[in-house]
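Notes to accompany the following structure.
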Amino acid sequence: MEHRTMRVQLRTCVRVALLLLVAGLPATGRAQLPPDPYAIGLEHFYAGRYTEALPYFVTALDQSEERFGEGAPETATDLNNLAELYRLLGRYDEAEP
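Residue numbers (our numbering): 5 to 101.
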């Protein structure tokens, strides 16, 4: 197949893929993803709302344990983040594993 024909076919494929993608999106044009508890917790954390961040960090840790396992680096990161939050709240006993 000649180079020019391949380019035309590729462009057509890309256009079709984009049309299919846009057709499947809600009216806002953005995909609706489930909320990320860590991201929500982080927003509260950076705003200094540590108490509000706590349940989101706990949920993020639970999800990491389910998805990656207790010994995984991702889980360790979430555990460390939760421990830091407990430290900032003065809940030192809960910050220890």
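C-beta atoms are modelled at their ideal positions from N, C-alpha and C, and glycine is treated no differently.
| query | result |
| --- | --- |
| Is the stretch 56-69 in contact with the stretch 79-86, if contact means three or more CB pairs nearer than 8 Å? | yes |
| Determine the contact status of P77 and Y60, defining contact as a CB-CB distance below 8 Å. | no |
| Around the C-beta of A64, are 16 or more other C-beta atoms found within 10 angstroms, so that it is buried, or is it exposed? | buried |
| For Y90, which of T79, G75, G73 and L58 has the nearest alpha-carbon? | L58 |
| If we require 4 or more residues per run, which alpha helix (DSSP H) segments fall completely within the stretch 45-100? | 54-72, 77-92 and 96-99 |
| Identify, in the order they occur along the chain, each residue of the same chain with its Cβ nearer than 6 Å to the Cβ of E56, setting aside the five sequence neighbours on each side. | H48 |
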